[in-house]
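Trainee: Structure incoming, see below.
Number of protein chains: 2
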Amino acid sequence: MAKDNIDLSTEEKIKEAARKVFTQKGYAATRTRDIVQEAGINLALLNYYFRSKEKLFEIIMFEKVQQLFGIILPILNEPSTTLEVKLQKIASTYIDMLIQNPDLPLFVLSEIRNNPEQFGDKLQLTKVINESVLIKQLKEKKPDLNPLHFLFNILGLTIFPFIAKPVFGAAQTFNEEMFVSIVNERKKLIPIWLASMLT
Amino acid sequence: MAKDNIDLSTEEKIKEAARKVFTQKGYAATRTRDIVQEAGINLALLNYYFRSKEKLFEIIMFEKVQQLFGIILPILNEPSTTLEVKLQKIASTYIDMLIQNPDLPLFVLSEIRNNPEQFGDKLQLTKVINESVLIKQLKEKKPDLNPLHFLFNILGLTIFPFIAKPVFGAAQTFNEEMFVSIVNERKKLIPIWLASMLT
DNA sequence: GTCTATAAGGGGATAGAC
DNA sequence: GTCTATCCCCTTATAGAC
């Protein structure tokens, strides 16, 4: 059990455990027994509260999609901040959130890939982003560049280190605090790099 | 069956099918029955040739890791090309390969994450890259910037669109040829952006 | 609401005929 | 080498007592 959440309701204990196990192992590799053990309860209770593994997963998945993409939408649509300020805010808030939730991007992107019609299509992310204030500002500044490039750049520079992290291994070459210190540096660097792409 | 590879040996038919199914669904979600159906043979033959699902997976996985990372190592260590030429080559060959194998990055990164000790640590990727000619050239040009930033940037700008692709959905907003055309543009753009980070 | 016991089926692996 | 039939464990889900 994570930290013996003895104060939480049973339903919330199961959700908390499910968040942890699903994001770490993915849907297919997760056993309901892993979740109930992590939650400190028994199998029957999971089905009593959530009917099935699949239904529980959908609930967690929608939460996690929201957590990954919902966080930047308000910034994208701020009406009065400049482009530069938006870029700083996106990099900064995103990296802070990802330091707390390093497994989030690989989990969400993998599961969306496994089930695009259920989780990807209804997002209409391209549409929402394309109509955002940020994209309007980009089009003014660089009318010749497809704004999708810029979107890939912001997200790629910010998210990719967290996706690639396991590759660099727990080997001596690389430890946790080094990683955190580097991505923290990137909060300042990414907006500078992105700005230089716009000149 | 993919394209009725009636000319291939049974062993190769199984590997071909395994490559396809494993990369599409991941280890945990793959059923050995999916593989043998794709290969057009029966369950017993898979075990006859490869002993177990796990052993077959290891073989495919090492191939795929090699495919994803092996491709850039020669370029990283070219002794006589300039930094700028290396960046062009990396972006170009990488994107060409990824257009042919769009599922590769998400698959490899997910599976390494699920089993870092088996697949990630022994790569010693950080070590190999840190000792490369490219990194030496970077240190000369920008001694104050941790070269890891640059590595994340090259790979992030190149790979991320392929990882994020399913998110943008098969919805009307986004189709396959649009995607290919955009990442093809990036073969030219990424080296320019990276160069501007070095000035 | 919570538990134990168990049903029902899926999925990896093998026996043994050809 | 290849096949069919089958074993048996593991996993999800439910029945039914408390």
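Protein sequence lines, in the order shown, are assigned to chains V and L. If you're matching positions, the first sequence starts at 14 in our numbering and goes up one per residue. If you're matching positions, the second sequence starts at 14 in our numbering and goes up one per residue. Backbone N, C-alpha and C fix where the C-beta goes; we use that ideal spot for every residue, glycine too.
1. Rounded to the nearest angstrom, what separates V/L147 and L/L86 at their Cα positions?
2. Report the residue from L/I125, L/M210, L/K200 whose alpha carbon sits nearest the alpha carbon of L/N159.
3. Can you round the beta-carbon distance between V/F82 and V/L138 to whole angstroms, since I take them to be within the 8 Å contact cut?
4. Output the residue ranges of the beta strand (DSSP E) runs that lie fully inside the stretch 55-134 of chain V and measure 3 residues or longer, sorted by chain position.
5. Using CA atoms only, rank isn't needed, just tell me which of V/V180, V/T212, V/F187, V/L168 is closest to V/R199.
6. Take V/D116 and list the residues in its own chain whose beta-carbon comes closer than 8 Å to its own, dropping the five residues that flank it on each side.
7. Please report whether the beta-carbon of L/T139 lies at a distance below 9 Å from any beta-carbon of chain V.
8. In three-state terms, what does DSSP make of L/L202?
9. What in chain L is Cβ-close to V/L21, meaning under 9 Å?
10. Mind listing which residues of the stretch 43-70 of chain V have their C-beta closer than 8 Å to chain L's C-betas, in chain order?
11. Are there 16 or more other CB atoms within 10 angstroms of the CB of L/L100, so buried, or fewer, so exposed?
12. How would you list, in chain order, the residues of chain V whose beta-carbon sits under 7 Å from the beta-carbon of L/R126?
13. Does the beta-carbon distance from L/I142 to L/L89 come in below 9 Å?
14. Under a three-way DSSP split, which group does V/R46 fall into?
15. For a contact meaning CB atoms closer than 7 Å, what does V/N166 contact in chain L?
16. Note down the Cα distance separating V/A52 from V/L96, rounded to an integer number of angstroms.
17. Which of helix, strand or coil does DSSP assign to L/Q150?
18. The alpha helix (DSSP H) spanning V/G8 covers which residue range?
19. Taking a contact to mean a Cβ-Cβ separation below 9 Å, would you say L/L136 touches L/V78 in this structure?
20. Along chain L, which residues have their Cβ under 7 Å away from the Cβ of V/F187?
21. Can you name the residues of chain L whose CB is closer than 7 Å to the CB of V/I176?
22. I want to verify the contact list: residues of chain L whose CB lies under 9 Å from the CB of V/F173, in sequence order.
Mentor: In brief:
1. 37 Å
2. L/M210
3. 6 Å
4. none
5. V/L168
6. T36, Q37
7. yes
8. helix
9. Correct list: empty, because the minimum Cβ distance to chain L is about 28 Å.
10. none
11. buried
12. L119, P179
13. yes
14. helix
15. L170
16. 44 Å
17. helix
18. The question about residue 8 of chain V has no answer here: the residues shown for chain V are numbered 14 through 212.
19. yes
20. T139
21. L122, I176
22. F165, N166, L168, G169, L170, I172, F173, I176
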